[in-house]
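Trainee: Read in order, the letters of the sequence shown are residues 5 to 121 in our numbering.
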Amino acid sequence: HELHAEGLLCCAPPADDDDSYIISIARRADTRSTLNGGGGGFVLSNDMFRDAIERDNNAGGTGLDKWLNGESRSKDKLGARISFTFCDMGALNEYGDRVLDFVPNPLHHMIRHLEKF
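Encoded structure:
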């Protein structure tokens, strides 16, 4: 709720195609970031967006598949989609209960860059 209140979380209407919102927002952020000399926009998701890619290709194609999968970026980058998992790495919450740690794909160029700090 706090992220939503701060304007950091966007919600798609329940009956709409959430992929289209996710991709549209990330591609707009990518364009703005690129124009301002930033690192681009990203989608944090384990969704492969196959339906969205198919719709894009059937509509003439905007390069969505290449953008998501890294084919339109330099060859050392893995694309706009960052996959992730949750893993039991022994972390405990304030009550002593085990909690799962969020682990983004360590091979993604943005994650490698962030881990330098």
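Just so you know, even glycine gets a beta-carbon here, dropped at the ideal spot from N, CA and C.
To which residues of the same chain is residue 50 closer than 7 Å at the C-beta, ignoring the five residues directly before and after it?
Mentor: Taken in chain order, the residues that qualify are 87 and 88.
Trainee: Evaluate the contact criterion for the region 32-43 versus the region 7-23: three or more CB pairs, one atom per stretch, below 8 Å.
Mentor: With the cut-off at 8 Å, the region 32-43 and the region 7-23 do not touch.
Trainee: Taking the C-alpha atoms as reference points, what is the distance between residue 57 and residue 118?
Mentor: Taking the straight line from one Cα to the other gives about 28 Å.
Trainee: If you compare alpha carbons, which of 91, 85, 99 and 103 is closest to residue 111?
Mentor: Checking every option, the nearest Cα to that of residue 111 belongs to 85.
Trainee: Which residue from 48, 40, 39 and 41 puts its Cα closest to that of residue 30?
Mentor: Nearest C-alpha to residue 30: 48.
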